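Since the structure comes first, as structure tokens, the remarks are kept for the end.
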Amino acid sequence: MDAFEQKLDELKQKVQACQERKGVGSCLRCSLTLECADRKAYVASVYASMNKGQQGNFDF
1 MDAFEQKLDE
11 LKQKVQACQE
21 RKGVGSCLRC
31 SLTLECADRK
41 AYVASVYASM
51 NKGQQGNFDF
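So the sequence shown is numbered by the UniProt record's numbering: it starts at 1 and just counts up by one.
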């Protein structure tokens, strides 16, 4: 597991813990979806893990 995947996993766990605390199965069911710093960090981490830090290029 590389550093990008480790960060992604860490942020995924943080988002899932928040969902459990709020009793929702998805961030989209939360009223703070668009303002949530944890969700924004997770989404950014998803893109970073897909392109391994290279702007705009994805390694599938």
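Where is the CB? At the ideal position from N, CA and C, for every residue including glycine.
These numbers come from a predicted model, not from an experiment.
- Between Ala41 and Phe4, the CB-CB gap reaches or exceeds 8 Å.
- Straight-line spacing of the CA atoms in Val24 and Cys30 works out to 7 Å.
- Counting along the chain, no alpha helix (DSSP H) covers Leu28, and no H or E run does either.
- Looking from the CA of Asp9, the closest CA among Val46, Gln54, Asn51 and Gln55 belongs to Val46.
- By the neighbour-count criterion, in which 16 or more other beta carbons inside 10 Å mark a residue as buried, Leu32 falls on the exposed side.
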